[in-house]
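Residue numbers (our numbering): 184 to 285. Each residue gets a CB set at the ideal place from its N, CA and C atoms; glycine is no exception. No experiment lies behind these values; they were computed from the predicted model shown. Take a look at the structure set out below.
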């Protein structure tokens, strides 16, 4: 790659209520296909774009592809769907099947 690329892409995500997920990314100019990948997970403010922007210098220094998935409130409502990973039933008495986890 001759230039760094920064942006966002969407993909189908069955665990999301909307069936979609956005991922903010930054790819340094000198990243190689077999290079490191850095994943930045946002906090309760769900500000994945800010996390991507804040980690860009680290990604450039490490020559790492940076991915910051956006667990938005519509697709992953409430703390159970994001902070707890959607692993348990709403009553918290049992676990959901792994393919339903966030």
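key: Cβ pair residue 258, residue 204 closer than 8 angstroms   = Cβ atoms of residue 258 and residue 204: closer than 8 angstroms.
ask   = What three-state label does DSSP hand residue 261 in the structure shown?
value = helix
ask   = Taking three-plus beta-carbon pairs below 8 angstroms as touching, is the segment 221 to 229 in contact with the segment 189 to 202?
value = no
key: Residue span of the alpha helix (DSSP H) that contains residue 229, given as start and end   = That residue, residue 229, is in no alpha helix (DSSP H); it is neither H nor E in DSSP.
query = Does the Cβ of residue 145 have 16 or more other Cβ atoms within 10 Å, making it buried, or fewer, making it exposed?
reply = There is no way to answer for residue 145, as the model of the chain reaches only from 184 to 285.
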